[in-house]
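>
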Amino acid sequence: MRPVEVNEHLAVNSEEPLYDPPTVCGIFMQQASRFGDRTLAMSRKNGVWQSVTWRQSRELLPVAVMGLTALGLKKGDSVGIASRTRREWSEADITILAAGGVTIGLYPSASLWEITHVVSHSGLAICFVEDEALLVKLLAVRAQTGRPEKMVLFDPPAGALPAGVMTLESFLEAGRVAHAADPARFEAVWRAVQPDDLATIAYTSGTTGPPKGAMITHANLYYTAINATKMHAYEESDFGIAFLPLTHMLQRMSVYAAMHLGIVGAYAESIDKLVENFQELRPTVQVSVPQIFERIYNRVQAMLEAGSPLQRRVFDWALDVGKRAAACRRENRPLPLGLSARRAVAHRLVFSKIHDIFGGRVKYLLCGGAPMPLHLLEFFHAAGLLILEGYGLTETVAPAAVNRAERFRFGTVGQLIPGMEAKIAPDGELLLRGKGLFQGYYKDPEATAAAIDADGWFATGDIAAMDNEGFLTITDRKKDLIVTAGGKNIAPQNIENLIRTLPLISQALVYGDRRKYLTALVTLNDRELADFARREKLSGPAPAGHEKVRRAVADHIAAVNSRLAPYEQIRKFTILPADFTEAAGELTPTLKMRRREIIKHYGDKIDELYNG
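The numbering of the sequence shown is the numbering used here, which starts it at 87 and goes up by one.
The following block contains the structure:
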């Protein structure tokens, strides 16, 4: 095994804790005292953006915590949150943590089987539930497992509620009564929470089997939130919008980091209204995932397709100018005067419209959750929007490495955050160690022992490389590597990302394990397909099977093949009639492909590609 590779200027953090106690609730309580009547968060109610201040949230917290104790919560008990991303999710989370409970996030879109597994495995007794639609699902789980025994409904119900289910207002009223009866108890309860206490069990997406529960302590969350923020020049006046699932650690850590920094955060109405919310609220720093940038890129491309030849020429000119200017920035070279003038014109004519999609105030964008295609990074940077890609897993409590505005390298996931160490195993696997690392898998000592060695090194399962400046490059998942019949090791993710650069293509799965050549399963983007059908004047109920569609995909794959080694090239492909979905078990709640399930579902299609 190679020696430990740690960036010296990002050495292990040894500073004294900033908060007392160094817990998530410690951060909240001290920042609430500091910021008082400043806005903490915003959400839209009845068509109006409403703000809640630090003081208001702080005054509600004892009531909510005592509401949980009134339901019988004891320190260390698991409490679920089954809801989309909204302000109440975060309020329930801080309530659980301050009460000494353990937060269990449940994806609203998860299958009944997955929710049943998590509820049963975690021993969930209490659960916050968003609405009656999700309540139906949780009641079905309770009928099977007896859990959760008690549920609190965020949204007012249309009628009477079943036994063991109460409204949010009833829950808070019980808390008010309990708090009035013993006003000193809240202080004792939250201060009893210690850094090494379990804060959350975060269940992995489960791309290869049942979700595993990563045990994460307050100390893990505390150090990761504080150290990750040191990598960027945040200001208290910054503003961001939460829209990713809060069950996923990436978005949850961004909320904790904002809490530490005093940054105002808003909660998007929905993914469908995200761009509208960007334009209304105008964030300055935004956390996102590649799928959102792909949607916006495809939107720009669709606008170009619908525009005139002159508009296309102006755009191409602006993009060329933007790429030249971006190259100067990446190489820390001053912009020549002439290029600077052309760049200003390009921004006014073209790029300002792309900035306006994000609200027009964004300083930089943070991206994680999945690999970001290089062409998107370069496109947005040419437009003057810097996307800083990072890397992390549930087990690393989200960020382990990030690019920074003043020190970034496209195609990498950046450098280690403070307190994190890394080394590369002989087989290329990335190993990590640090204060933010999870404590192991809940009720699964065998999986824990397989993942973390005696010296505390966590085997990430990712194949990686690190350059002499400490920039990490992730090439693929170790378990996803394809070994061909000829013995070649191939990372499919890079090939899949190249295939997906065609806006018409939604997903691509490359297959070829123990085979003589590689093949691909391709799905299409419904909106792009409809636009393609209109442009090409295609008729019939199934344009996905039209020869012109197949030719467009074939031409693109041929272009991709020209960039690959012979053994990496796609020899055959098939276009599937429908996109991969979470409902069919083909995607995780975070929209990652479940390869085994897809290969099992389409085994006959794969066989045809080799036997036809």
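No residue lacks a Cβ here, since even glycine has one placed at the ideal position from N, Cα and C.
1. Could you check what DSSP says for residue 169 in three-state terms: helix, strand or coil?
2. Span of the beta strand (DSSP E) holding residue 202?
3. How is residue 499 classed by DSSP in three states: helix, strand or coil?
4. Does DSSP put residue 408 in a helix, a strand or coil?
5. What is the DSSP secondary structure of residue 88, counted as helix, strand or coil?
6. Answer yes or no: do residue 500 and residue 491 have a C-beta to C-beta separation smaller than 8 Å?
7. One question on the structure: do residue 300 and residue 527 come within less than 8 Å of each other, judged by their Cβ atoms?
8. Quick check on this structure: which residue in 208, 588, 689, 544 has the alpha carbon closest to the alpha carbon of residue 387?
9. Just confirm the distance between the C-beta atoms of residue 303 and residue 285, as a whole number of angstroms; I'd bet it's less than 8 Å.
10. Alpha carbon to alpha carbon, how far is residue 689 from residue 264?
11. Measure how close the beta-carbons of residue 107 and residue 377 come, nearest whole angstrom, since I'm counting them as under 8 Å.
12. Going by DSSP, name the residue or residues bridged to residue 477.
13. What residue from 525, 550, 268 has the CA that sits closest to residue 513's CA?
14. Might you give, ordered along the chain, the residues of its own chain that have their beta carbon closer than 7 Å to the beta carbon of residue 468, omitting 5 neighbours on each side?
15. Can you give the beta carbon distance from residue 337 to residue 171, rounded, assuming they're within the 8 Å contact cut?
16. Is it right to say residue 694 is buried, meaning 16 or more other beta carbons lie within 10 angstroms of its own, or is it exposed?
17. Let me know the secondary structure DSSP gives residue 385 once reduced to three states.
18. My guess is that residue 437 and residue 470 are in contact by the Cβ rule of under 8 Å, so how many angstroms apart are they, rounded?
19. Exposed or buried, which one is residue 94 when buried takes at least 16 other CB atoms within 10 Å?
20. For residue 634, which residues from the same chain have a beta carbon less than 6 Å from its beta carbon, with the 5 sequence-adjacent residues on both sides left out?
21. Going along the chain, which residues of its own chain have a beta-carbon closer than 7 Å to the beta-carbon of residue 658, five neighbours each way excluded?
22. Is it buried or exposed, residue 40, if we count other Cβ atoms within 10 angstroms and call 16 or more buried?
23. Under 8 Å, do residue 252 and residue 213 count as touching if we go by C-beta distance?
24. Taking the runs of the beta strand (DSSP E) that are 3 residues or longer, which of them lie wholly in the segment 567-638?
25. Taking 8 Å as the cut-off, decide whether the C-beta atoms of residue 473 and residue 451 are in contact.
26. Which same chain residues end up closer than 6 Å to residue 602 when comparing Cβ atoms and leaving out the 5 residues on each side of it in sequence?
27. Distance, Cα to Cα, residue 109 vs residue 219?
28. Thinking residue 677 and residue 609 are a contact (beta carbons under 8 Å), I'd like their distance in whole angstroms, please.
29. Excluding the 5 residues preceding and the 5 following residue 731 in the sequence, name in chain order all residues of the same chain whose CB lies nearer than 8 Å to its CB.
30. Given that a residue counts as buried once 16 or more other Cβ atoms are within 10 Å of its Cβ, and exposed if not, what is residue 428?
31. Would you check if there are 3 or more beta carbon pairs closer than 8 Å linking the segment 665-676 to the segment 637-644?
32. I'd like the list of long-range same chain contacts for residue 679, defined as Cβ closer than 8 Å, with 5 residues on each side in sequence excluded.
33. Quick check: the segment 116-136 against the segment 344-364, are at least 3 beta-carbon pairs closer than 8 Å?
34. Using only the alpha-carbon positions, how far apart do residue 329 and residue 357 sit?
35. Going by DSSP, what residue range makes up the alpha helix (DSSP H) through residue 121?
36. Does the segment 150-167 come into contact with the segment 129-139, if we say contact requires no fewer than three beta-carbon pairs (one atom in each stretch) closer than 8 Å?
The relevant details are as follows:
1. Looking at residue 169 - three-state DSSP - the assignment turns out to be coil, as it is neither helix nor strand.
2. Counted as a single uninterrupted DSSP element, the stretch harbouring residue 202 is not any beta strand (DSSP E) but the alpha helix (DSSP H) occupying residues 198-208.
3. In the three-state scheme derived from DSSP, where H, G and I count as helix and E and B as strand, residue 499 is classed as coil.
4. Per DSSP, reduced to three states, the secondary structure at residue 408 is helical.
5. In this prediction, residue 88 has a pLDDT of 39, which is less than 50 and means its spatial position is unreliable; what the coordinates show is noted afterwards. It is coil, neither helix nor strand.
6. No, the Cβ-Cβ distance between residue 500 and residue 491 is not below 8 Å.
7. Their beta carbons are under 8 Å apart, which means residue 300 touches residue 527 by this criterion.
8. Answer by Cα proximity: 588.
9. So it is a contact: roughly 6 Å between Cβ atoms.
10. In this structure, the alpha-carbon of residue 689 lies about 58 Å from that of residue 264.
11. About 38 Å separates the two Cβ atoms, so there is no contact after all.
12. When beta bridges are read from the DSSP output, residue 477 appears opposite 487.
13. Checked all of 525, 550, 268; the closest Cα to residue 513 is 550.
14. Closer than 7 Å at the Cβ level, and outside the excluded window around residue 468, lie 405, 408, 409, 412.
15. Between residue 171 and residue 337 the Cβ distance is about 7 Å, and since that is below 8 Å, they are a contact.
16. Burial call: exposed.
17. Looking at residue 385 - three-state DSSP - the assignment turns out to be helix.
18. Confirmed, about 5 Å.
19. Legend: pLDDT at residue 94 = 33, less than 50; position of this residue unreliable, value from coordinates given subsequently. Counting of Cβ neighbours within 10 angstroms places residue 94 among the exposed residues, the total staying below 16.
20. Answer for residue 634: 622, listed in chain order.
21. Excluding residues within five positions, the ones whose Cβ falls inside 7 Å are 605, 695.
22. Residue 40 lies beyond the range of the chain shown here (87 to 698); nothing can be said about it.
23. For residue 252 and residue 213, no; Cβs fall outside 8 Å.
24. Taken in chain order, the unbroken stretches of beta strand (DSSP E) that lie wholly in the segment 567-638 and span 3 residues or more are 591-597, 604-610.
25. Yes, the Cβ-Cβ distance between residue 473 and residue 451 is below 8 Å.
26. Once the five neighbours on either side are set aside, the close Cβ partners of residue 602 are 571.
27. Going from the Cα of residue 109 to the Cα of residue 219 covers about 34 Å.
28. So it is not a contact: roughly 13 Å between Cβ atoms.
29. No answer is possible for residue 731: it lies beyond the span of the chain, which begins at 87 and ends at 698.
30. Residue 428 counts as buried, since no fewer than 16 other beta carbons sit within 10 angstroms of its beta carbon.
31. The segment 665-676 is not in contact with the segment 637-644.
32. Sequence-distant Cβ neighbours of residue 679 in its own chain, meaning closer than 8 Å and more than five residues away, are 293, 593, 595, 666, 672, 673.
33. The answer is yes - the segment 116-136 touches the segment 344-364, with three or more Cβ pairs under 8 Å.
34. Separation of residue 329 and residue 357 (C-alpha to C-alpha, rounded to the nearest whole angstrom) is 7 Å.
35. For residue 121, the enclosing alpha helix (DSSP H) begins and ends at 110-121.
36. By the Cβ rule, the segment 150-167 does not count as touching the segment 129-139, because fewer than three pairs are nearer than 8 Å.
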